[in-house]
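Enquirer: One structure, pasted below without further comment.
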Amino acid sequence: MLAPGAAARNADQPFVLLISDRPAERMALERAIGLVMDCCAVEPGAILPSARPHLVILDAPPDRVATVNIAVGTPTRPVPCLLLARGGPVPVPGAHVRQLPATAPRQAVLASAFAMIEDATRSAETRRRRLVEHVSGATAIVADLFDSAALGAGLRRIDIDRGTELVLDAVSEVGIGAWLEAVWRHDIGVYQHTLGVAGHAATFGSKIGLGRGDRGRLVRAALLHDIGKSRIPVEILNKPGPLTPEEFRLMQRHPDIGASLLTAQGAFEPEVIDVVRHHHERLDGRGYPDRLAGAAISDLVRIVSICDVFSALTERRTYRQPASGPEALAIMVESEGHLDPDLLRTFAPVVLGNDTLAA
Ligand SMILES: [Fe+2]
Ligand SMILES: [Fe+2]
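In short: position in the sequence shown from 1, add 87, done, that's our numbering.
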């Protein structure tokens with residue numbers, strides 16, 4: 088059963104998710120909570136809204152509680168949960184879970200719920216402010232990188248490491264959706280794209296269990312992958328429509344230009360330069376600039392290529408509508424011989440947000 092209003096829910100609008108198998112209690116709590124925050128009330132087993140709630144109130148028998156993945160959103164930022172426990176406390180770990188007996192008076196349940204809503208609202212505001220700072224900082228770094236590269240000045244490794252930290256921190260704190268929303272508020276396409284690819288790379292890296300060091304290398308490579316575009320004329324980069332064959336040939340030189348630029352600096356790992364040079368290669372050997380095929384394309388390159396293509400397809404452009412996440416994935420799967428199919432299968436749930444709460 089679809090939660091009432093679930094399909095139309097605005098992702099920015101804070102709400103409380105109430106899961107209860109007691110209709111009378113559910114209605115009473117929904118009405119009272121609705122006075123302070125939008126409340127989505129459902130039975131256990133209902134299809135849940137895809138947006139992240141501010142608070143979950145769970146009022147269900149123990150066998151239902153055991154199947155609930157309360158760590159919705161990102162593992163480092165689980166949704167606060169008020170559990171109305173039956174037959175004694177339920178062993179659910181985590182400081183984000185508060186328990187009351189299901190027999191507690193309704194006023195006590197509401198007092199706890201309101202206190203938790205207040206806490207969640209306060210920390211959401213702090214997170215929002217930090218996210219704006221992170222995105223502004225990372226955009227300034229990326230803008231500076233492109234300017235320096237265009238002018239032939241040195242790229243400072245310390246700036247790239249700082250940008251990498253900003254992306255990793257922000258994505259693990261707020262998730263890829265909020266990161267992209269914030270990035271897309273900036274209107275310079277190549278910076279948006281760079282930060283989008285870096286955000287997807289950070290998310291993908293944690294999904295496949297990379298440690299902080301490897302994720303850092305991956306995000307660094309993503310931040311630099313298109314640095315060669317700094318030497319491509321802006322009229323070609325921002326052309327609202329198809330390129331002429333001559334413009335296309337010039338555009339196709341950006342991986343080579345970027346890799347030469349980084350090699351000349353001498354401060355970047357070979358794996359990162361490999362990504363910059365080869366992120367437009369294809370597994371079937373029909374890519375550029377070196378027409379590499381199969382095993383000659385490293386895992387790091389394969390991961391960044393997937394993030395790159397997905398970002399490009401889902402970005403807002405003046406001359407076309409962006410593809411939705413599922414549409415972009417379908418295009419990528421159909422483009423046989425291009426991307427690594429196993430990695431693509433792992434990437435799909437990351438971007439479709441399938442790691443959601445299920446009761
Ligand atoms: Fe590129
Ligand atoms: Fe790119």
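Backbone N, C-alpha and C fix where the C-beta goes; we use that ideal spot for every residue, glycine too.
Quick one: residues in its chain with C-beta nearer than 8 Å to the C-beta of Tyr-375, no 5 flanking neighbours on either side, listed in chain order?
Expert: Counted from its first residue, the sequence shown places residue 375 at position 288. Here the set comprises Gln-339, Pro-342, His-367, Glu-368.
Enquirer: List the DSSP bridge partners of Leu-337.
Expert: What you label residue 337 is simply residue 250 of the sequence shown in a count that begins at 1. Answer is none; Leu-337 lacks a bridge partner.
Enquirer: With respect to the alpha helix (DSSP H) encompassing Leu-305, which residues constitute its N-terminal and C-terminal limits?
Expert: Mapped onto the sequence shown, residue 305 falls at position 218. Leu-305 -> alpha helix (DSSP H) spans 299 to 311.
Enquirer: Are there any heavy atoms of ligand 2 lying less than 6 Å away from the beta-carbon of Asp-395, as far as the coordinates show?
Expert: If you number the sequence shown from 1, residue 395 lands on position 308. Asp-395: yes, Cβ under 6 Å from ligand 2.
Enquirer: Please classify Val-321: is it buried, with 16 or more other beta-carbons within 10 angstroms of its beta-carbon, or exposed?
Expert: For the purposes of this step, residue 321 is identified with residue 234 of the sequence shown, where counting begins at 1. So Val-321 ends up on the exposed side.
Enquirer: Please list the terminal residues of the continuous alpha helix (DSSP H) segment that includes Phe-233.
Expert: Against the sequence shown, residue 233 aligns to sequence position 146. 193 to 238 is the extent of the alpha helix (DSSP H) around Phe-233.
Enquirer: So for Ala-408, helix, strand or coil by DSSP?
Expert: In the sequence shown, counting from the first residue as 1, residue 408 sits at position 321. At residue 408 the sequence reads Gln, which differs from the Ala that was named. Reduced to three states, the DSSP call for Gln-408 is coil.
Enquirer: Round the Cβ separation of Leu-305 and Ala-225 to the nearest angstrom and send it over; I've been treating them as touching at under 8 Å.
Expert: As a working mapping, residue 305 is identified with position 218 in the sequence shown. As a working mapping, residue 225 is identified with position 138 in the sequence shown. Not really, about 15 Å apart at Cβ, beyond 8 Å.
Enquirer: Got a sec? Which residues, its chain only, sit under 7 Å from Thr-401 by beta carbon, not counting five neighbours each side?
Expert: The sequence position of residue 401 within the sequence shown is 314, counting from 1. Closer than 7 Å at the Cβ level, and outside the excluded window around Thr-401, lie Pro-409, Ala-410, Gly-412, Ala-415.
Enquirer: How would you call Val-159, buried or exposed, if buried means at least 16 neighbouring beta carbons within 10 angstroms?
Expert: The sequence position of residue 159 within the sequence shown is 72, counting from 1. Because Val-159 sits at a pLDDT of 46, beneath the cut-off of 50, its placement in the model cannot be relied upon, and the following sentence gives the value as read from the coordinates. So Val-159 counts as buried.
Enquirer: Straight-line CA distance for Ala-445 to His-183?
Expert: In the sequence shown, counting from the first residue as 1, residue 445 sits at position 358. In the sequence shown, counting from the first residue as 1, residue 183 sits at position 96. Annotation note: pLDDT 28 at Ala-445 (below 50); position unreliable, no value reported.
Enquirer: In the DSSP assignment, find the beta strand (DSSP E) that holds Ile-144 and state where it starts and stops.
Expert: Position 57 of the sequence shown, counted from the start, is the residue given in the question as residue 144. Counting along the chain, the beta strand (DSSP E) containing Ile-144 begins and ends at 142 to 146.
Enquirer: So is Asp-206 buried or exposed if we call it buried at 16+ other beta carbons inside 10 Å?
Expert: Start at 1 with the first residue of the sequence shown, and residue 206 comes out as number 119. Classification of Asp-206: exposed, given that the 10 Å Cβ count is below 16.
Enquirer: In terms of alpha-carbon separation, which member of Glu-112, Val-103, Pro-110, Gln-194 lies closest to Cys-127?
Expert: Translated into positions along the sequence shown, residue 127 becomes position 40. Taking only the C-alpha atoms, the option nearest Cys-127 is Val-103.
Enquirer: Taking only the alpha-carbon atoms, compute the straight-line gap between Pro-192 and Val-219 and give it to the nearest angstrom.
Expert: Here residue 192 refers to the residue found at position 105 of the sequence shown. Here residue 219 refers to the residue found at position 132 of the sequence shown. Distance between the alpha carbons of Pro-192 and Val-219 is about 41 Å.
Enquirer: Thinking just about the alpha-carbon of each residue, which of Pro-167, Ala-257, His-312, Leu-170 is nearest to the one in Ser-347?
Expert: Within the sequence shown, the letter at position 260 stands for residue 347. Here the closest residue by C-alpha is His-312.
Enquirer: Taking 6 Å as the line, does the beta carbon of Asp-313 fall inside it for any heavy atom of ligand 2?
Expert: Position 226 of the sequence shown, counted from the first residue, corresponds to residue 313. Because some heavy atom of ligand 2 lies under 6 Å away, the Cβ of Asp-313 counts as near it: yes.
Enquirer: On a CA-only basis, which of Gly-121, Gly-381, Val-363 is nearest Asp-395? Give me that one, please.
Expert: Within the sequence shown, numbered from 1, the residue matching residue 395 stands at position 308. The candidate whose alpha carbon is nearest that of Asp-395 is Val-363.
Enquirer: Leu-426 to Asp-377, Cα distance in whole Å?
Expert: Residue numbering aside, residue 426 sits at position 339 when the sequence shown is read from its first letter. Residue numbering aside, residue 377 sits at position 290 when the sequence shown is read from its first letter. Roughly 16 Å separates the two Cα atoms.
Enquirer: Whole alpha helix (DSSP H) runs in the stretch 344 to 412 with 4 or more residues, listed along the chain?
Expert: If we require 4 residues or more, the alpha helix (DSSP H) runs fully inside the stretch 344 to 412 come out as 357 to 365, 386 to 401.
Enquirer: Using the rule of at least 16 other Cβ atoms within 10 Å of the residue's Cβ for burial, across every protein chain shown, is Ala-257 buried or exposed?
Expert: By one-based count along the sequence shown, residue 257 stands at place 170. Classification for Ala-257: buried.
Enquirer: Is Leu-145 a contact residue of ligand 3, with contact defined as CB to any heavy atom under 6 Å?
Expert: This structure lacks ligand 3; its bound ligands are ligand 1 and ligand 2.
Enquirer: What three-state label does DSSP hand Ile-157 in the structure shown?
Expert: As a working note, residue 157 is residue 70 in the sequence shown. Summary for Ile-157: the model assigns pLDDT 46, below 50, so the residue's position carries little reliability, and this model does not support an answer.
Enquirer: For Ser-293, decide whether its Cβ has a neighbour in chain C, counting only Cβ atoms nearer than 7 Å.
Expert: Although the question refers to chain C, the structure presented lacks it and comprises just one protein chain.
Enquirer: Would you give the residue range spanned by the alpha helix (DSSP H) that Gln-279 belongs to?
Expert: Counting from 1 along the sequence shown, the entry for residue 279 is found at position 192. Run containing Gln-279: 276 to 294, per the alpha helix (DSSP H) assignment.
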